[in-house]
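Residue numbers (the UniProt record's numbering), protein chains in the order written: chain A, 1 to 514; chain B, 1 to 336. Quick notes on the structure that follows.
Here is the structure:
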């Protein structure tokens, strides 16, 4: 049971520009995943997704600990917007959105012809009710930051108005994740079976497993599959076995270990979705041994990124450059890639008066595969630079209580690889709720506010570049690499989602060649 | 000679003095005492479970929280789950609701009875089938080996039963998976359930059952074999042999009846081991039982769920142990 509760939601999120890579597969792999062939109508897709029976939830606005539940919910209910390939954010239940001049007020238009599965049209009132319900959950403030519940209102039948406490050019991006829309005033007891607006409607759900049927009247266009059967798996290995013995067609988010097993099989597509999960090392910037920017820069020079990707991720990933949000179309590829340079690192450490006699603790968890391994490997790499690093493994709950947001040096992971600004606003601006490195940098804050308040795309990209340069230079994040999201699929499956994070649950374009 | 004078064991089983009613009364009293003792043990066990989870790092509120959840939200949920109250108070609440069938609410707000409604029958089906199979197999193999002590069969059984018992369930499971599913494609590798929550086809039960049965049969065979060996040394079996009765008749009619108490007790203990094994086997075969619920609940520090699973398992084991006691009592009667 090497799969963990937090993985799903947060191994989830986000988007990024991504090219689909099929590492191996059968003869018709070239036609797979939207790269060709004429979609065929019909068939039942059997898909496996990870989940734990103890964590089952049916509430679209609850804590979805299970990937399987999230998948079912995302197929039945639409979010306002969704991750896109070329544009970071594309419409889903909202067909368009427009900001006010000062970027604080946003008007979303509900897509024409959008109806619930029982045939009733979707109104702005339904959306407002759903967003308020979401906002009022325990994690609501983090899910819709800067938007108070009573600042979500309806204007006419099809316009939803969101007023942010501050200028926020990225507000539509925030509505991509869990803004599932239900009918107004759906009682809590009926939530599980409530009609949604998504491409599939629920046939039955039982203990994490479900059968979904095509919604022929979906506002988003034609849906190819007749039905989707979701099977929940407790372990990635059991899921991979089920795929290899032909019991399921897709093993969703199966992970690197399962991919390695499947790589030997010619009849299985290994679908890699790059930029899926960040696994940074976090250094406390406000005190302790890493408060000196020189020390942090040195640590970033000590890590052997290629070795990390090769050993920790089994090669299923890419080297990163200490900037979070690698999947963002505006990610600054012009900033030079940091490489290992022990000589320069030693000089920086000496200049900073770094204490080489001490042993530094690096706290980690086993929440996601490879996380603890990344700490161990880094510790051995640091030893080559003369720094003694001791890895301390903590149980997940303890970690989030004692170390996260507080520790001097720890590992962490983010599946919500949304955008550069997403990470900046959540984890790096002064006083942000999840400022993991307790970082406060005037220039960075200024750059951030400039980005948010800049409407023009060109000027905005320039401002974003400045922000990323500062993050690269001084932040408390050592981001050595990005793990791929990995799905396994039978050869007959085509049109699988190509996006990292939450993009993976959009199965309306999938079709079967059989 | 006929058996009547040469079967002291049988004579002991039916003490002439004890009338039927008196025996029934004694049995009932004895049963009540045993039941009381077992209930007290269950109470202690559940208290230990509550205390143990309390000692684990983290609690249900933090374990089931979302990353974005603030300290205030966490504190509110802690209050909602009653985690701000002392552990003995929560235990008292939970245990007093138990007799009425109330198993409490999980950390995620589900009723525990709902959580266990589907997986429990599945586990009982899996464990029950494995139990019946292991008993039949152990008896057959044990009797077979006892037919010719120190013969080839006996020695092979001796070796393989030890090996079988030494094999952990996950090793057996992986071996079965490789051979019966991934290489030959004969059986489905994982369990897929239908709308009713039960495995879609019976063939999905074969490997999980086998994975549980093989190690247990190793254990039970040794018990059967040892019990029969003990009986073989008793005077009445010796006498039967001298009488020239057939080996089969001696084993079945003379040795086995006396061996029952030892066999029943030994096999009853394998109930616990079978239930323990389901945690592993269910995960490997994606079998939807309480083993997986338990594993998840431990990760969640979800005390009511863990305690409920423990209580269910304990109840099952208690029933089987009581049955074993009954067999002992019937066989040994006043002798015990």
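Here a beta-carbon is modelled for each residue, glycine too, at the ideal position from N, C-alpha and C.
Minimum Cβ-Cβ distance from residue 235 (chain A) to chain B less than 8 Å: Cβ-Cβ to chain B under 8 Å: yes for residue 235 (chain A).
Alpha-carbon spacing of residue 165 (chain A) relative to residue 449 (chain A), whole angstroms: So the two alpha carbons sit approximately 13 Å from each other.
Could you tell me which residues DSSP pairs with residue 80 (chain B) in its beta bridges? According to DSSP, residue 80 (chain B) shares a beta bridge with no other residue.
Along the chain, where does the beta strand (DSSP E) that runs through residue 484 (chain A) open and close? First-last of the beta strand (DSSP E) with residue 484 (chain A): 481–489.
Can you tell me whether residue 19 (chain A) is buried or exposed? The criterion is at least 16 other CB atoms within 10 Å of its CB, across all chains shown. In this predicted model, residue 19 (chain A) has a pLDDT of only 26, less than 50, meaning its place in the structure is not dependable; the value taken from the coordinates is given anyway. When all chains shown are included, residue 19 (chain A) counts as exposed.
Got a sec? Which residues, its chain only, sit under 6 Å from residue 506 (chain A) by beta carbon, not counting five neighbours each side? If we look at residue 506 (chain A) and ignore the five residues flanking it on each side, its Cβ neighbours are 497.
What does a CB cutoff of less than 7 Å around residue 294 (chain A) pick up in its chain, not counting 5 residues either side in sequence? Here the set comprises 348, 351 and 352.
Just verifying my parser: in three-state terms, what is the DSSP assignment at residue 499 (chain A)? The three-state reading of DSSP puts residue 499 (chain A) in coil, since its state is none of H, G, I, E or B.
Measuring straight from C-alpha to C-alpha, what distance separates residue 32 (chain A) and residue 228 (chain A)? Low confidence applies here, because residue 32 (chain A) scores a pLDDT of 39, under 50, leaving its location unreliable and the question unanswered by this model.
May I have the straight-line CA-CA distance separating residue 102 (chain B) from residue 304 (chain A), to the nearest angstrom? Inter-residue distance for residue 102 (chain B) and residue 304 (chain A) is about 56 Å (C-alpha atoms, whole angstroms).
Would you say the stretch 139–152 of chain B touches the stretch 166–184 of chain B, given that touching needs at least three Cβ pairs under 8 Å? In short, these stretches do not touch, since the Cβ pair count stays below three.
Spell out whether any CB of chain A is found under 8 Å from the CB atom of residue 259 (chain B). With a threshold of 8 Å between beta carbons, residue 259 (chain B) makes no contact with chain A.
Can you give the Cα-Cα distance for residue 115 (chain A) and residue 512 (chain A), rounded to whole angstroms? Between residue 115 (chain A) and residue 512 (chain A), the C-alpha separation is close to 27 Å.
Give the secondary structure of residue 353 (chain B) by DSSP, where H, G and I count as helix, E and B as strand, and everything else as coil. Residue 353 (chain B) is absent from the structure shown; chain B starts at 1 and stops at 336.
Min CB distance residue 209 (chain A) to chain B below 8 Å: So, interface residue.
Can you grab the Cα-Cα spacing for the pair residue 175 (chain B) / residue 277 (chain B), in whole Å? Whole-angstrom Cα-Cα distance: 16 Å.
Is residue 397 (chain A) helix, strand or coil by DSSP? In the structure shown, the three-state DSSP call for residue 397 (chain A) is helix.
Strictly by DSSP, which residues pair up with residue 50 (chain A)? Residue 50 (chain A) is bridged to A:233.
Residue environment, residue 484 (chain A), which counts as buried when at least 16 other CB atoms sit within 10 Å: Buried is the call here.
Within the stretch 216–253 of chain B, ranges of the alpha helix (DSSP H) (whole runs, at least 4 residues): With a minimum length of 4 residues, the continuous alpha helix (DSSP H) runs that stay inside the stretch 216–253 of chain B are 235–242.
C-alpha gap between residue 429 (chain A) and residue 439 (chain A), whole angstroms: Residue 429 (chain A) and residue 439 (chain A) have their C-alpha atoms roughly 7 Å apart.
Starting from residue 154 (chain A), trace the beta strand (DSSP E) in both directions and tell me its first and last residue. Note, residue 154 (chain A): beta strand (DSSP E), 152–155.
In chain A, which residues lie less than 7 Å from residue 285 (chain B) when you measure between Cβ atoms? Those within 7 Å of residue 285 (chain B) in chain A are 238.
With 8 Å set as the bound, which would you pick, yes or no: does the beta-carbon of residue 512 (chain A) sit closer than that to a beta-carbon of chain B? It does not; no Cβ of chain B falls within 8 Å.
Just to confirm, is the Cβ distance from residue 519 (chain A) to residue 265 (chain A) under 8 Å? Since the first and last residues shown for chain A are 1 and 514, residue 519 (chain A) lies out of range.
Leaving out five residues before and five after residue 151 (chain A) in sequence, what residues of the same chain have Cβ atoms less than 6 Å from its Cβ? Excluding positions up to five away in sequence, the list reads 163.
Closest by C-alpha distance to residue 155 (chain B), when choosing among B:131, B:222 and B:122: Sorting B:131, B:222 and B:122 by C-alpha distance to the C-alpha of residue 155 (chain B) places B:222 at the top.
Suppose you measure from the CA of residue 126 (chain B) to the CA of residue 69 (chain A); what does that come to, to the nearest Å? Whole-angstrom Cα-Cα distance: 26 Å.
Please look up how many angstroms separate the CB atoms of residue 88 (chain A) and residue 173 (chain A), rounded, as I've assumed it's under 8 Å. With a Cβ gap of about 6 Å, residue 88 (chain A) and residue 173 (chain A) count as contacting.
Which two residues bound the contiguous beta strand (DSSP E) that contains residue 70 (chain A)? In the DSSP assignment, residue 70 (chain A) falls outside any beta strand (DSSP E) and lies within the alpha helix (DSSP H) extending over 67–76.
Return the chain-ordered list of same chain residues with a C-beta closer than 6 Å to the C-beta of residue 385 (chain A), the five sequence neighbours on each side being excluded. The residues 302, 342 and 345, in chain order, have a CB closer than 6 Å to that of residue 385 (chain A) in the same chain once the five nearest residues on each side in sequence are set aside.
Can you round the beta-carbon distance between residue 230 (chain A) and residue 49 (chain A) to whole angstroms, since I take them to be within the 8 Å contact cut? Taking the Cβ atoms as the reference, residue 230 (chain A) lies roughly 6 Å from residue 49 (chain A), within the contact range of under 8 Å.
Residue 83 (chain B) touches chain A at which residues, Cβ-Cβ below 7 Å? The contact set of residue 83 (chain B) on chain A, defined by CB atoms closer than 7 Å, is empty, because the minimum CB distance reaches about 12 Å.
Using three-state DSSP, classify residue 114 (chain A) as helix, strand or coil. In the structure shown, residue 114 (chain A) sits in coil (DSSP, three-state: anything other than H, G, I, E or B).
Return the first residue and the last residue of the beta strand (DSSP E) that residue 279 (chain A) is part of. No beta strand (DSSP E) holds residue 279 (chain A); DSSP gives it neither H nor E.
Leaving out five residues before and five after residue 347 (chain B) in sequence, what residues of the same chain have Cβ atoms less than 6 Å from its Cβ? Chain B is shown only over 1 to 336; residue 347 (chain B) falls outside these bounds and no answer can be derived.
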